[in-house]
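Just below is one structure, and these are the notes that go with it.
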Amino acid sequence: MTYKSLFSTLIICTVLGTSPVFADPWHKFIDKPWKEHKHKHKKKEVHVVHHYPKHRLPKDAILLAIAGVTYALIDGHYYQQRKEKYVFVEKPPKRRYRPGKVIRQLPEGATAVNKRGQQYFVSRGNWFLSIGNGKYVVVEP
């Protein structure tokens, strides 16, 4: 046996013999990657921002007008507009009047407003349009 062949054999044995040492430790669950572990993972707390300046609302914010008050819906949380910022609130009040709803009598304190030659009635941020026979329909402003 020559030195070259002995040296080649020694190199090959060294490389092949040490390859399992460098195996990725995450490969121990190849057969069952869904295997349960014994430790529990900590749940991440959701951080709710308590206010946003008006000019810094996220681009995906949805603006809503409910009962005459403007709200921003951001990541499932409601923010009420107060002056130059939006402040976190639990949930906005439910709308009593939905657009398209027909009512027989205007709410107390409704005031008449002329807009583009049409007479509307406004009460607490809700707009009403007369459809005759003493009935009114709720409309968007």
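Those letters in the sequence shown? Residues -23 to -1, 1 to 118, per mature numbering (1 follows the signal peptide of the UniProt record, and there is no 0), in order. Every residue, glycine too, gets a C-beta built ideally from N, C-alpha and C. The model shown is predicted, which means the values in this text are computed figures rather than measured ones.
N-terminal and C-terminal residue of the beta strand (DSSP E) that residue i is part of
| i | result |
| --- | --- |
| residue 19 | Per DSSP, residue 19 belongs to no beta strand (DSSP E) and is neither H nor E. |
| residue 109 | 103 to 109 |
| residue 88 | 88 to 92 |
| residue 63 | 62 to 66 |
Helix, strand or coil at residue i [DSSP, three-state]
| i | result |
| --- | --- |
| residue 40 | strand |
| residue 54 | strand |
| residue -21 | helix |
| residue 73 | coil |
With 16 other Cβ atoms within 10 Å as the buried cut-off, status of residue i
| i | result |
| --- | --- |
| residue 103 | buried |
| residue 89 | exposed |
| residue 63 | buried |
| residue 105 | buried |
| residue -21 | exposed |
Residues bridged to residue i (per DSSP)
| i | result |
| --- | --- |
| residue 27 | Note: residue 27 sits in no beta bridge, so no partner. |
| residue 98 | 89, 105 |
| residue 59 | 62 |
Same chain only: Cβ atoms within 8 Å of residue i, ignoring 5 sequence neighbours per side
| i | result |
| --- | --- |
| residue 83 | 98, 100, 105, 113 |
Residues near residue i by beta carbon distance below 6 Å, same chain, minus five either side
| i | result |
| --- | --- |
| residue 87 | 98, 100 |
Own chain residues within Cβ distance below 7 Å of residue i, not counting five before or after
| i | result |
| --- | --- |
| residue 75 | 115 |
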